[in-house]
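Chemist:
Protein chains: 2
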Amino acid sequence: MNAPDPGTLLAELDRECLPHLSVNAVIFGAHDGALQVLLMESAGTGTWSLPGGYVRRAESIDDAVSRVLFELTGLAGTTLRQFHTFGGPARGEAVVASALHAHGIDVPADHWVLGRVVSVGYVALVDVSQARVAPSVWASSLRWWHLADRPPLIIDHDDMVQRALVSVRSQIDDLLIDTNLLPPTFTMPELQRLHETILGRSLDRRNFQKRMLELGLVERLPDLRQGVRRKPAYTYRWSASVRPTGESA
Amino acid sequence: MNAPDPGTLLAELDRECLPHLSVNAVIFGAHDGALQVLLMESAGTGTWSLPGGYVRRAESIDDAVSRVLFELTGLAGTTLRQFHTFGGPARGEAVVASALHAHGIDVPADHWVLGRVVSVGYVALVDVSQARVAPSVWASSLRWWHLADRPPLIIDHDDMVQRALVSVRSQIDDLLIDTNLLPPTFTMPELQRLHETILGRSLDRRNFQKRMLELGLVERLPDLRQGVRRKPAYTYRWSASVRPTGESA
DNA sequence: GGCAGGATGTGTACTGAGTACACTATGGTC
DNA sequence: GACCATAGTGTACTCAGTACACATCCTGCC
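One line per chain: the protein sequences are G and V, in this order. Residues in the first sequence are numbered from 88 upward in steps of one, following the numbering used here. Residues in the second sequence are numbered from 88 upward in steps of one, following the numbering used here.
1) Please say whether MET247 of chain V and LEU105 of chain V have beta carbons closer to each other than 8 Å?
2) How about the region 107 to 121 of chain V and the region 136 to 154 of chain V: do they share at least three Cβ pairs that are nearer than 8 Å?
3) Looking only at its chain, what residues have a beta carbon closer than 8 Å to the beta carbon of VAL329 of chain V, apart from the 5 residues adjacent to it on each side?
4) Who pairs with GLU306 of chain V in a beta bridge, going by DSSP?
5) Apart from the five residues on each side of it in sequence, which residues of its chain come closer than 8 Å, Cβ to Cβ, to GLY174 of chain V?
6) Output, in chain order, the set of chain G residues within a Cβ distance shorter than 7 Å of SER257 of chain V.
7) Does LEU108 of chain V have its Cβ less than 8 Å from a Cβ in chain G?
8) Does the beta-carbon distance from GLY208 of chain G to THR172 of chain G come in below 8 Å?
9) Which class does SER216 of chain V belong to by DSSP, given the choice of helix, strand or coil?
10) For THR274 of chain V, list the residues DSSP reports as bridge partners.
11) Who does VAL124 of chain G pair with in a DSSP beta bridge?
12) Go ahead and label ARG203 of chain V buried or exposed: buried means 16 or more other beta carbons lie within 10 angstroms of its beta carbon, across all protein chains shown.
13) Are the CB atoms of ARG298 of chain G and TYR321 of chain G nearer to each other than 8 Å?
14) Closer than 9 Å, Cβ to any Cβ of chain G: which residues of the region 151 to 173 of chain V, in chain order?
15) For GLN169 of chain G, write down the residues that DSSP places opposite it in a beta bridge.
16) Find the residues of chain G that neighbour GLU99 of chain V, judging by a C-beta separation of less than 7 Å, and give them in chain order.
17) Verify the CB distance criterion: does SER105 of chain G have a CB-CB separation below 8 Å to chain V?
18) My assumption, with CB atoms under 8 Å, is that GLU213 of chain V sits in contact with TRP231 of chain V. Please give the rounded CB distance.
19) Output the distance between the C-alpha atoms of PHE170 of chain V and LEU201 of chain V, rounded to the nearest integer angstrom.
20) Nearest-angstrom Cα distance between PHE295 of chain G and ILE241 of chain G?
21) Are the beta-carbon atoms belonging to THR274 of chain V and GLY120 of chain V less than 8 Å from one another?
22) Establish whether the CB of GLU334 of chain G and some CB of chain V are separated by less than 8 Å.
23) Check the Cβ-Cβ distances between SER147 of chain G and every residue of chain V, and say whether any is below 8 Å.
24) For chain G, check one thing: does any of its Cβ atoms lie closer than 8 Å to the Cβ of ARG288 of chain V?
25) Bridge partners of TRP135 of chain V, per DSSP?
26) So, is ALA143 of chain G buried or exposed, given that buried needs 16 or more other C-beta atoms within 10 angstroms?
27) Just curious, the alpha helix (DSSP H) that GLU146 of chain G is in, first and last residue?
28) Between PRO238 of chain G and chain V, is there a C-beta pair that is closer than 8 Å?
29) Excluding sequence positions up to five away, which residues of its chain have a Cβ less than 6 Å from the Cβ of ALA327 of chain G?
30) Let me see if you follow: with CB-CB separation under 8 Å, is PRO195 of chain V close to chain G or not?
31) What does PRO176 of chain V touch in chain G if you count any residue whose Cβ is under 8 Å from its own?
32) Once the 5 residues before and after VAL220 of chain G are set aside, which same chain residues still bring their CB inside 8 Å of it?
33) Is the closest heavy atom of the ligand NAP to the C-beta of ARG154 of chain G under 7 Å?
34) Closer than 7 Å, Cβ to Cβ, to anything on chain V: give me those residues from the region 189 to 222 of chain G, in chain order.
35) How many Å lie between THR272 of chain V and THR132 of chain V at the Cα?
36) Using only the alpha-carbon positions, how far apart do ALA151 of chain G and LEU167 of chain G sit?
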């Protein structure tokens, strides 16, 4: 699906993918203390939506969302978690039509991509700087938005963002370990700031550190983070017991 | 879908429903202190599975699972909660073939019902005595099984049961209010036994009562439950603040 | 070289939820 | 009326979470 051939794209879609089913990814990033979400703009319509795509016939939905995310953003090895499936009766996928038209793709009015689509929602936390944010076949642009400033989204994607946010906040301890939001070693204040950004509230330093250590999530390293114009901080890494076996991808 | 007409059933399915998508319901009941699960047997194969069905084109997935449950069991007004979507690449739906054959329905080998199907899982708690347990077009028999004694299930349905169980146990306070597992008024020991059955462990009476009252879930009524060969117990009902507005369906 | 500023490191006390636990009260049965 | 089974009730402990203040270290400026 790299070459946007107007004629065959739709045929390939029908042949390769499950109809009426899509996956969407709510990708959160943290930058400068603000929570961001990755959105794409449908060419032609100027409307914004979550990255998403269709599921190939021999591919699990978990694999599908990873592949789609990679195709759209270059992000790989991201831990995506399913949080909800959206299956309202008329989700208004018709906005897809103008986007496809803008690419010279004519879709019969009764084609399923314009009709009812059930979507499985996934959520992930990623490093803003590592996402190759580039337009693709399906999107004229792709960029990070501050969560609070995001434009209105198509269909029920605003609902997806809300639910995804609740989901990541409730699983933050688990989720951060698998992400590349932090370098292999990090300081406690860095970790705390990340938590604060995701949770949207400030935390007490002493309680935070105590909790991280009591939960056995991180272990202190002998090195200090030098070269900053303040007191150097200890560095930490995820402890072996929680670290994913293969480091990261 | 009430009349099992072999010729048209499959055609109707294709016309009316979304292909490659199904819903499954994990229905738990409590009886005699044991947790039960409602399973159906595919005619001809002797294999057991969760009740499930397909989603109509203009119907939300939430509505679909309610409808399917009603068609198979006569249960209505049940609160079904989505807990996970199962989308493995090869879920082995081929077992469906023999069941259909047993009904004289010939399915082309490449039809989607025999191939890859993504399934949205829902869970509910219901009163065992209120389910009309009767065979239907798709099932030669339908019955309650003690959770621990259940037969092996097709495809990934065992996984569904496991996840559903985790889900109901974590939401038990919420879920019980909407069910008809208890009469409009009930005693504290009755409520406790129900919790114990679902959680699969015993609870301390004093702590249990304190918690229910502190959470404001129930309110005590002036009446006592008489006519039993022991000390009469106070009766309770769900407090107005948690009770669903329309009583029950 | 000394001092001010800013961020880091640390421990104790309080609160609330959950848990462990024993005795009294009541009604029915024999 | 004695026995039995079950229901009603309160206190003490533990753990997690939260509130909170002061000493330390480095940098940069004077």
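Ideal Cβ positions, reconstructed from N, Cα and C, are used throughout, including at glycine.
Modeler: If we stick to the structure as given:
1) Contact flag unset, no.
2) Put simply, the region 107 to 121 of chain V touches the region 136 to 154 of chain V. At least three CB pairs are less than 8 Å apart.
3) Contacts found: ILE264, GLY303 and LEU304.
4) DSSP lists V:ARG324 as partners of GLU306 of chain V.
5) Around GLY174 of chain V, the same chain offers VAL205 and SER206 as residues with beta carbons nearer than 8 Å, after the five sequence neighbours per side are excluded.
6) The premise fails here: SER257 of chain V is roughly 11 Å from chain G at the closest Cβ pair, so nothing lies under 7 Å.
7) Taking Cβ atoms only, chain G reaches closer than 8 Å to LEU108 of chain V, which makes this a yes.
8) The answer is yes: Cβ separation under 8 Å.
9) The answer is helix: DSSP assigns SER216 of chain V an H, G or I state.
10) According to the DSSP secondary-structure assignment, THR274 of chain V is paired through a beta bridge with V:THR322.
11) VAL124 of chain G pairs with G:PHE115 and G:TRP232.
12) Counting of Cβ neighbours within 10 angstroms places ARG203 of chain V among the buried residues, the total reaching 16 or more.
13) It is not a contact, given that the beta carbons lie outside the stated cut-off.
14) Result list: ALA151, GLN169, HIS171, THR172 and PHE173.
15) Partner(s): G:TYR209.
16) GLU99 of chain V does not reach chain G, its nearest Cβ partner there being about 17 Å away, counting only Cβ pairs nearer than 7 Å.
17) Here residue 105 of chain G turns out to be Leu, not Ser, going by the sequence shown. Yes, LEU105 of chain G counts as interfacial toward chain V.
18) According to the sequence provided, residue 213 of chain V is Val. The question's Glu does not apply to it. Contact flag wrong, Cβ pair sits at about 10 Å.
19) Roughly 24 Å between the two C-alpha positions.
20) Between the alpha carbons of PHE295 of chain G and ILE241 of chain G lies a distance of about 38 Å.
21) Result no, Cβ atoms of THR274 of chain V and GLY120 of chain V do not sit closer than 8 Å.
22) Legend: pLDDT at GLU334 of chain G = 48, less than 50; position of this residue unreliable, no value from coordinates given.
23) Taking Cβ atoms only, chain V reaches closer than 8 Å to SER147 of chain G, which makes this a yes.
24) The beta-carbon of ARG288 of chain V is placed no less than 8 Å from the nearest beta-carbon of chain G.
25) Looking at the DSSP output, TRP135 of chain V sits in a beta bridge with V:GLU128 and V:LEU240.
26) For the sequence presented, residue 143 of chain G should be read as Arg rather than Ala. Around the beta-carbon of ARG143 of chain G, 16 or more other beta-carbon atoms lie within 10 Å, marking it buried.
27) That residue, GLU146 of chain G, is in no alpha helix (DSSP H); it is neither H nor E in DSSP.
28) With 8 Å as the cut-off, PRO238 of chain G does not count as an interface residue toward chain V.
29) Nothing listed; no residue qualifies.
30) Residue contact check for PRO195 of chain V against chain G: no CB pair falls below 8 Å.
31) Within chain G, the residues near PRO176 of chain V are ALA145, GLU146, SER147 and ASP150.
32) Cβ neighbours of VAL220 of chain G beyond the five flanking positions: LEU125, THR160, LEU229, ARG230 and TRP231.
33) Annotation note on the ligand NAP: not contained in the displayed structure, which lists no ligands.
34) For the region 189 to 222 of chain G, which is checked against every Cβ of chain V, the residues closer than 7 Å are ARG203, VAL205 and VAL207.
35) THR272 of chain V and THR132 of chain V have their alpha carbons spaced roughly 43 Å apart.
36) Going by the C-alpha atoms only, they are around 11 Å apart.
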